[in-house]
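Line by line, the protein sequences are chains A and B. One point on numbering: in my numbering, the residue at position 188 of the first sequence is 188, and numbering is uninterrupted. One point on numbering: in my numbering, the residue at position 25 of the second sequence is 576, and numbering is uninterrupted.
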Amino acid sequence: MSVAVPRNAFPLVVTAVAFTFLGLFFIYPLYRVFGASFLDASGTNLTLHNYAKVVSSTFYRSSVINSLTIGVLATLATTLISAPLAFCVARMPIGGKTALLSLAVLPLVLPSFVSAYALLLLFGRAGIVTSALESLGVPVGSIYGTPGIVLVYVLTLYPYVLLPTVAGLKALDVSVEEASQNLGASRWRTFWSVTFPIVIPSILAGALLVFIETLENFGVPFVLAEDKPIMAVEAFKLFVGETDANPASAGVLGVLLVCSTALVVIIQRRFLGRRRFATGARRSPPLIEAGAGWRAIATAYCWAVVLTSLVPFFAVIVISFMEYRGPVLHPHFSLENFAELFRRSMRPLENTLLLATLAAFGAAILGVPIGYVATRFRTRLTGILDIVATMPFAVAGTILGIGLIISFNSGWLVLTGGWLILVIAYVVRKLPFTVRASSAILHQIDPSLEEASVNLGVSPMKTFAQLMVPLMLGGIVGGMVLTWVAVASELSATVVLYSGQWQTLTVVMFQALEGTGAGLAAATASLLIFFTVLPVALVYRLLRRYEMSLL
Amino acid sequence: MTAVTIDRVSRSFGSVQAVHDVSLDIRDGEFFTLLGPSGCGKTTLLRMIAGFCELDAGTISFGGRRIDTLPPHRRNTGMVFQNYAIFPNFTVGGNVGYGLRARNVSPAQITARVATALKLVHLDGYDTRWPHQLSGGQLQRVAIARALVIEPEVLLLDEPLSNLDAQLRVEMRGEIRQLQQTLGITAIYVTHDQEEALSISDRIAVMRAGTLEQVDKPDAVYRYSATPFVAEFMGTTNLLSGKVSRREGSHVVLTAGKTEFHMHTNAAPMTDTVGFCLRPEALRIVADRSAVPDGWASLETQILRVEFLGALTRVETRLADGEMIRIAVLDHPVDTLAIGTTLTLAYDPRRVTELKTS
Numbered sequence: 001m002s003v004a005v006p007r008n009a010f011p012l013v014v015t016a017v018a019f020t021f022l023g024l025f026f027i028y029p030l031y032r033v034f035g036a037s038f039l040d041a042s043g044t045n046l047t048l049h050n051y052a053k054v055v056s057s058t059f060y061r062s063s064v065i066n067s068l069t070i071g072v073l074a075t076l077a078t079t080l081i082s083a084p085l086a087f088c089v090a091r092m093p094i095g096g097k098t099a100l101l102s103l104a105v106l107p108l109v110l111p112s113f114v115s116a117y118a119l120l121l122l123f124g125r126a127g128i129v130t131s132a133l134e135s136l137g138v139p140v141g142s143i144y145g146t147p148g149i150v151l152v153y154v155l156t157l158y159p160y161v162l163l164p165t166v167a168g169l170k171a172l173d174v175s176v177e178e179a180s181q182n183l184g185a186s187r188w189r190t191f192w193s194v195t196f197p198i199v200i201p202s203i204l205a206g207a208l209l210v211f212i213e214t215l216e217n218f219g220v221p222f223v224l225a226e227d228k229p230i231m232a233v234e235a236f237k238l239f240v241g242e243t244d245a246n247p248a249s250a251g252v253l254g255v256l257l258v259c260s261t262a263l264v265v266i267i268q269r270r271f272l273g274r275r276r277f278a279t280g281a282r283r284s285p286p287l288i289e290a291g292a293g294w295r296a297i298a299t300a301y302c303w304a305v306v307l308t309s310l311v312p313f314f315a316v317i318v319i320s321f322m323e324y325r326g327p328v329l330h331p332h333f334s335l336e337n338f339a340e341l342f343r344r345s346m347r348p349l350e351n352t353l354l355l356a357t358l359a360a361f362g363a364a365i366l367g368v369p370i371g372y373v374a375t376r377f378r379t380r381l382t383g384i385l386d387i388v389a390t391m392p393f394a395v396a397g398t399i400l401g402i403g404l405i406i407s408f409n410s411g412w413l414v415l416t417g418g419w420l421i422l423v424i425a426y427v428v429r430k431l432p433f434t435v436r437a438s439s440a441i442l443h444q445i446d447p448s449l450e451e452a453s454v455n456l457g458v459s460p461m462k463t464f465a466q467l468m469v470p471l472m473l474g475g476i477v478g479g480m481v482l483t484w485v486a487v488a489s490e491l492s493a494t495v496v497l498y499s500g501q502w503q504t505l506t507v508v509m510f511q512a513l514e515g516t517g518a519g520l521a522a523a524t525a526s527l528l529i530f531f532t533v534l535p536v537a538l539v540y541r542l543l544r545r546y547e548m549s550l551l
Numbered sequence: 552m553t554a555v556t557i558d559r560v561s562r563s564f565g566s567v568q569a570v571h572d573v574s575l576d577i578r579d580g581e582f583f584t585l586l587g588p589s590g591c592g593k594t595t596l597l598r599m600i601a602g603f604c605e606l607d608a609g610t611i612s613f614g615g616r617r618i619d620t621l622p623p624h625r626r627n628t629g630m631v632f633q634n635y636a637i638f639p640n641f642t643v644g645g646n647v648g649y650g651l652r653a654r655n656v657s658p659a660q661i662t663a664r665v666a667t668a669l670k671l672v673h674l675d676g677y678d679t680r681w682p683h684q685l686s687g688g689q690l691q692r693v694a695i696a697r698a699l700v701i702e703p704e705v706l707l708l709d710e711p712l713s714n715l716d717a718q719l720r721v722e723m724r725g726e727i728r729q730l731q732q733t734l735g736i737t738a739i740y741v742t743h744d745q746e747e748a749l750s751i752s753d754r755i756a757v758m759r760a761g762t763l764e765q766v767d768k769p770d771a772v773y774r775y776s777a778t779p780f781v782a783e784f785m786g787t788t789n790l791l792s793g794k795v796s797r798r799e800g801s802h803v804v805l806t807a808g809k810t811e812f813h814m815h816t817n818a819a820p821m822t823d824t825v826g827f828c829l830r831p832e833a834l835r836i837v838a839d840r841s842a843v844p845d846g847w848a849s850l851e852t853q854i855l856r857v858e859f860l861g862a863l864t865r866v867e868t869r870l871a872d873g874e875m876i877r878i879a880v881l882d883h884p885v886d887t888l889a890i891g892t893t894l895t896l897a898y899d900p901r902r903v904t905e906l907k908t909s
């Protein structure tokens with residue numbers, strides 16, 4: 001229960017600061033993108049010409065269709081693979097389940113474009129596997145375009161469906177299934193009429209995240225799309241195009257992209273928001289006593305999915321330790337790729353570490369109070385704040401980056417060209433992480449603790465700082481590590497916003513992809529993998545304890 | 552130590568009137584209980600006093616000083632929460648000293664006052680223990696010590712015993728009452744348990760749907776319930792209604808169905824038809840009409856059901872006209888209460904209470 005506390009300045013202060021920040025660095029930039037899409041070349045007259053131009057162009061029209069098609073296909077495939085996987089994990093006796101679950105979390109923190117890049121190295125036109133097979137006379141199908149992109153999405157995004165579905169299945173009280181069987185329904189019938197409908201909201205919530213992620217992802221299509229136009233990539237190309245930079249058309253694509261994701265979120269809130277089945281689990285249902293055959297099949301299936309998703313990353317690490325002569329890979333162990341990388345400059349590595357750390361602190365300092373106020377002081381205003389603060393996850397990084405540049409390239413506040421604009425973009429993008437993390441921990445802390453503190457004479461603001469922050473610390477640190485990791489592998493906003501000396505590791509990789517430096521790219525990817533897996537491994541126990549649902 | 556004045560206080564949540572136009576005068580040093588079923592507004596009223604719930608209308612004052620405009624942390628109330636709300640990141644001593652630190656009391660003073668408070672709740676020497684090492688009853692004592700050590704003007708208790716097992720509950724309510732008496736502090740206690748309320752309070756306010764039904768001393772609320780709701784809520788009873796047929800001295804004779812009831816009253820009944828209650832334990836089984844004490848009235852009923860509860864035996868009986876009459880007898884051999892047996896029941900007409908229609 002949370003009841004509004006009278007005459008309390010604390011929630012108002014937090015709300016005011018949060019709205020100022022989000023208004024300035026999230027709403028306003030989006031508004032500028034929106035505005036740019038409606039202005040003509042002179043930038044003064046309102047026009048629908050830009051929309052007409054994009055819609056009438058076969059190329060851009062197909063970019064919209066391609067994005068949506070790939071999104072739908074990837075979401076369907078991910079759901080079809082993950083839902084049975086979740087059921088096996090939650091209800092079947094699987095060998096090595098703890099290890100399996102730990103490994104299944106990894107794709108969420110590993111940069112997905114590294115996976116795409118690995119696929120390219122292995123199965124691309126000049127890929128290692130392709131060459132090997134072709135020399136044996138076996139033809140290999142193309143992984144460029146839709147099939148490759150969908151495959152990478154499935155392999156990197158399946159935990160988004162897996163984790164909430166497992167949680168949903170575990171939150172089911174055993175008595176619900178027992179009641180069904182007691183009333184005469186068979187096990188099979190019980191599953192389809194009781195168990196499955198109860199976890200549908202969890203499955204759909206995960207599927208929604210997958211869909212949004214596929215729409216806004218920049219790196220994967222950039223690596224694998226080749227000539228196939230994709231919205232997030234085309235918007236970027238239109239914006240930074242050297243010969244024909246066209247912010248208006250980029251704006252149109254941006255608006256279409258944001259509208260697509262926003263539409264999905266609205267549909268989800270409409271139809272899913274009310275369908276929440278809390279059964280108040282006292283005791284989770286027991287594991288199904290399956291025969292040895294079924295157990296073997298389930299175990300094999302689970303491990304196959306999880307291991308396959310990790311193969312690309314493993315491959316990249318191996319390749320990064322091999323010798324490249326020009327574009328040709330030689331099977332010798334070598335540290336030359338790393339040496340080359342560091343010879344060029346240590347700055348990208350330092351930048352990544354510095355920017356990720358700043359962003360993690362920034363997102364925590366802003367996000368934790370927002371989550372606190374939105375959870376504990378429920379008013380209409382804090383409700384709006386909660387929605388606005390979680391919206392950035394539905395906005396493509398490329399579009400936010402474009403908006404920030406349009407907004408802060410000139411005028412009273414110039415931010416472009418420095419590190420601050422990168423940190424701001426990261427904080428905005430990852431704010432939903434810390435807001436959600438903060439409210440998730442708070443749901444495990446009884447509100448009467450704060451009331452007791454206030455009742456004993458400590459003001460709400462001091463209560464938050466002195467009592468709640470220490471109590472929430474484990475969860476806050478977990479959220480910060482996740483933010484740190486997500487920022488370290490951020491590409492879509494970085495690639496728009498970075499400049500000169502503020503290159504990050506992801507940018508180095510991005511540039512290496514465009515050129516021929518496969519060895520360099522692999523070494524950078526290995527470094528990225530190291531810096532994302534290590535922190536998560538260090539705080540893994542902490543994350544498990546707070547059952548952190550990775551956004 | 553403070554008198555608490557609640558004046559015409561209201562609060563609604565959406566379309567639900569949680570508290571509606573409630574006024575109460577709680578005396579200095581009084582143990583005052585808000586009693587009612589869940590959703591009656593008792594907790595909302597308590598939270599309004601603590602400052603955790605805003606008022607739509609009305610005022611609350613401590614000793615003539617208006618406090619409903621103060622933020623909760625400046626009201627100087629000590630609250631004991633239903634789930635104790637013990638800070639898990641502080642030791643017992645840290646918990647009890649929490650409010651003192653907020654008041655910038657010197658460390659030496661804090662140590663001394665924490666020790667005194669812990670002694671008061673029989674937890675001497677527990678100050679370095681951690682909350683997770685304590686039992687439910689001990690946590691409860693810590694919560695009480697923490698609320699008392701700040702020397703609050705008013706002690707607020709929100710169903711503090713509902714998480715304890717039955718025996719401990721009885722033990723703790725005795726201790727709470729004794730502590731309150733020793734310190735002479737004003738205490739406001741919220742509960743839905745009528746027995747608890749009766750045993751612990753100086754006065755009880757029975758609440759229903761956001762309004763006060765009756766405010767009185769425990770025995771008055773029980774024996775002279777003002778409304779059918781209070782009569783039923785305070786314990787098993789016989790709710791009847793009868794037509795006023797005549798007056799016999801200090802009695803009014805009421806006809807309910809084919810049965811006549813005698814009610815002691817000096818005032819004239821307000822209406823032709825009167826609702827009244829007669830507690831089961833006020834009915835006594837007698838051998839026959841000749842054994843009915845002087846000045847008492849009697850009934851003849853037939854036993855329908857017998858429920859043996861240990862010290863007490865509850866018997867459901869039926870009057871000739873079919874109306875149900877419940878009786879409760881202490882220490883009565885159950886085998887004399889065969890179903891179908893006809894009983895003669897005697898009662899003192901003073902125990903028949905007229906009810907306001909509510």
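Glycine included, every Cβ here is placed at the ideal spot set by N, Cα and C.
Per DSSP, what kind of secondary structure is residue 195 (chain A) in: helix, strand or coil?
The sequence position of residue 195 (chain A) within the first sequence is 195, counting from 1. Reduced to three states, the DSSP call for residue 195 (chain A) is helix.
Within 9 Å of any Cβ in chain A, is that where the Cβ of residue 707 (chain B) sits?
On the second sequence, position 156 is the one that residue 707 (chain B) refers to. Closer than 9 Å: yes.
Neighbourhood of residue 519 (chain A) by C-beta, 6 Å cutoff - its chain only, sequence neighbours within 5 removed:
Translated into positions along the first sequence, residue 519 (chain A) becomes position 519. For residue 519 (chain A), where only same-chain residues beyond five positions count, the Cβ hits under 6 Å are 324, 337.
In the DSSP assignment, what residue or residues form a beta bridge with residue 794 (chain B)?
Indexing the second sequence from 1 puts residue 794 (chain B) at position 243. For residue 794 (chain B), which the question treats as bridged, DSSP gives the partners B:806, B:824.
Apart from the five residues just before and just after residue 550 (chain A), which ones in its own chain have a Cβ nearer than 6 Å to its Cβ?
For the purposes of this step, residue 550 (chain A) is taken as residue 550 along the first sequence, with counting starting at 1. Only weak support is given to the placement of residue 550 (chain A): the predicted model assigns it a pLDDT of 41, under 50, and the question is left unresolved by the model.
Consider the Cβ of residue 649 (chain B): report whether some Cβ of chain C lies at a distance smaller than 9 Å.
Structure shown: chain C not included; protein chains present are A and B.
Check the Cβ-Cβ distances between residue 720 (chain B) and every residue of chain A, and say whether any is below 9 Å.
For the purposes of this step, residue 720 (chain B) is taken as residue 169 along the second sequence, with counting starting at 1. Not closer than 9 Å to any Cβ of chain A, the Cβ of residue 720 (chain B) fails to qualify, so no.
Would you say residue 901 (chain B) lies against chain A (beta-carbon separation less than 9 Å)?
Here residue 901 (chain B) corresponds to residue number 350 of the second sequence, with the count starting at 1. Not closer than 9 Å to any Cβ of chain A, the Cβ of residue 901 (chain B) fails to qualify, so no.
Give a yes or no on whether 9 Å exceeds the smallest Cβ distance from residue 457 (chain A) to chain B.
By 1-based counting over the first sequence, the position of residue 457 (chain A) is 457. It does; some Cβ of chain B falls within 9 Å.
Minimum length 4: unbroken alpha helix (DSSP H) runs contained in the stretch 261-347 of chain A:
Segments of the alpha helix (DSSP H) lying fully in the stretch 261-347 of chain A: 292-320, 336-344.
Which residues, taken in chain order from the stretch 334-351 of chain A, show a beta carbon closer than 9 Å to some beta carbon of chain B?
The residues in question: there are none.
Go to residue 563 (chain B), then tell me how far its alpha helix (DSSP H) extends in each direction, as first and last residue.
In the second sequence, counting from the first residue as 1, residue 563 (chain B) sits at position 12. Per DSSP, residue 563 (chain B) belongs to no alpha helix (DSSP H); it is in the beta strand (DSSP E), 555-564.
For a test of the three-state rule: what should DSSP assign to residue 883 (chain B), helix, strand or coil?
The residue you call residue 883 (chain B) lines up with position 332 of the second sequence. Residue 883 (chain B) falls in the coil class under three-state DSSP.
Look up residue 713 (chain B) in the DSSP assignment and say whether it is helix, strand or coil.
What you label residue 713 (chain B) is simply residue 162 of the second sequence in a count that begins at 1. Here residue 713 (chain B) carries a coil assignment [DSSP, helix/strand/coil].
Around the C-beta of residue 709 (chain B), are 16 or more other C-beta atoms found within 10 angstroms, so that it is buried, or is it exposed?
Within the second sequence, the letter at position 158 stands for residue 709 (chain B). When all chains shown are included, residue 709 (chain B) counts as buried.
Pop quiz: residue 308 (chain A) and residue 210 (chain A) are said to be a contact at Cβ under 8 Å. What is the actual Cβ separation, rounded to whole angstroms?
Here residue 308 (chain A) refers to the residue found at position 308 of the first sequence. Here residue 210 (chain A) refers to the residue found at position 210 of the first sequence. With 8 Å as the limit, residue 308 (chain A) and residue 210 (chain A) do not qualify as a contact, their Cβ atoms being about 17 Å apart.
Beta strand (DSSP E) containing residue 60 (chain A): first to last residue?
Working through the first sequence from its first residue, we reach residue 60 (chain A) at position 60. Taken as a continuous stretch (DSSP letters only), residue 60 (chain A) belongs to no beta strand (DSSP E), being part of the alpha helix (DSSP H) at 58-91.
Find the residues of chain A that neighbour residue 630 (chain B), judging by a C-beta separation of less than 8 Å, and give them in chain order.
Stepping through the second sequence from its first residue, residue 630 (chain B) is reached at position 79. Per Cβ cutoff of 8 Å: 451, 452, 455.
With a threshold of 9 Å between beta-carbons, can residue 446 (chain A) be considered close to chain B, or not?
Translated into the one-based positions of the first sequence, residue 446 (chain A) becomes position 446. Output row for residue 446 (chain A): interface = yes.
For residue 856 (chain B), which residues from the same chain have a beta carbon less than 6 Å from its beta carbon, with the 5 sequence-adjacent residues on both sides left out?
The residue given as residue 856 (chain B) occupies position 305 in the second sequence. Hits under 6 Å: 867.
Report the residue from A:24, A:12, A:14, A:482 whose alpha carbon sits nearest the alpha carbon of residue 412 (chain A).
Within the first sequence, numbered from 1, the residue matching residue 412 (chain A) stands at position 412. Ranking the options by Cα distance to residue 412 (chain A), first place goes to A:24.
Using a threshold of 9 Å, state whether the C-beta atoms of residue 647 (chain B) and residue 696 (chain B) are closer than that.
Here residue 647 (chain B) corresponds to residue number 96 of the second sequence, with the count starting at 1. Here residue 696 (chain B) corresponds to residue number 145 of the second sequence, with the count starting at 1. In contact: residue 647 (chain B) and residue 696 (chain B) (Cβ atoms closer than 9 Å).
Please report the straight-line C-alpha distance between residue 90 (chain A) and residue 197 (chain A), rounded to a whole angstrom.
By one-based count along the first sequence, residue 90 (chain A) stands at place 90. By one-based count along the first sequence, residue 197 (chain A) stands at place 197. So the alpha carbons of these two residues sit roughly 16 Å apart.
Any C-beta of chain A within less than 7 Å: which residues of the stretch 608-626 of chain B qualify?
Per Cβ criterion, the list reads 622, 623, 624.
Where does residue 552 (chain A) fall in DSSP's three states?
Because chain A here runs from 1 to 551, residue 552 (chain A) falls outside it and cannot be looked at.
Other residues of its chain near residue 212 (chain A): CB distance less than 8 Å, five sequence neighbours each side excluded
For the purposes of this step, residue 212 (chain A) is identified with residue 212 of the first sequence, where counting begins at 1. These residues qualify, in order along the chain: 261, 264, 265, 393, 394.
Find the nearest neighbour of residue 619 (chain B) within the set B:553, B:629, B:632, B:603, judged by alpha-carbon distance.
Within the second sequence, numbered from 1, the residue matching residue 619 (chain B) stands at position 68. Residue 619 (chain B) has its Cα closest to that of B:603, out of B:553, B:629, B:632, B:603.
Excluding the 5 residues preceding and the 5 following residue 357 (chain A) in the sequence, name in chain order all residues of the same chain whose CB lies nearer than 8 Å to its CB.
Sequence index remark: in the first sequence, residue 357 (chain A) carries index 357 (1-based). Same-chain partners within the cutoff: 484.
Pick out whichever of B:862, B:873, B:667 has its Cα sitting closest to the Cα of residue 880 (chain B).
For the purposes of this step, residue 880 (chain B) is taken as the residue at position 329 of the second sequence. Cα-wise, what sits closest to residue 880 (chain B) is B:862.
Helix or strand or just coil, what does DSSP make of residue 744 (chain B)?
Your numbering for residue 744 (chain B) matches position 193 in the second sequence. The answer is coil: DSSP assigns residue 744 (chain B) none of H, G, I, E or B.
So what's residue 649 (chain B) in DSSP terms, helix, strand or just coil?
On the second sequence, residue 649 (chain B) is found 98 positions in, with the first residue counted as 1. Three-state result, residue 649 (chain B): helix.
Compute the distance between the beta-carbons of residue 232 (chain A) and residue 492 (chain A), then report whether it is under 9 Å.
For the purposes of this step, residue 232 (chain A) is identified with residue 232 of the first sequence, where counting begins at 1. For the purposes of this step, residue 492 (chain A) is identified with residue 492 of the first sequence, where counting begins at 1. Here residue 232 (chain A) is near residue 492 (chain A), since their CB atoms are less than 9 Å apart.
So, does the CB of residue 552 (chain A) fall closer than 9 Å to a CB anywhere in chain B?
The requested residue 552 (chain A) does not occur in the structure, where chain A is confined to residues 1 to 551.
By the DSSP assignment, the alpha helix (DSSP H) with residue 234 (chain A) in it spans what residues?
Numbered from its first residue, the first sequence carries residue 234 (chain A) at position 234. For residue 234 (chain A), the enclosing alpha helix (DSSP H) starts and ends at 231-240.
Report all residues from its chain with a CB closer than 7 Å to the CB of residue 61 (chain A); omit the five preceding and five following residues, and keep chain order.
Within the first sequence, residue 61 (chain A) is the residue found at index 61, counting from 1. Excluding sequence positions up to five before and after residue 61 (chain A), its CB lies within less than 7 Å of the CB of 55, all in the same chain and listed in chain order.
Skipping 5 residues on each side, what residues in its chain have a beta carbon closer than 7 Å to that of residue 661 (chain B)?
Indexing the second sequence from 1 puts residue 661 (chain B) at position 110. Once the five neighbours on either side are set aside, the close Cβ partners of residue 661 (chain B) are 648, 651, 652.
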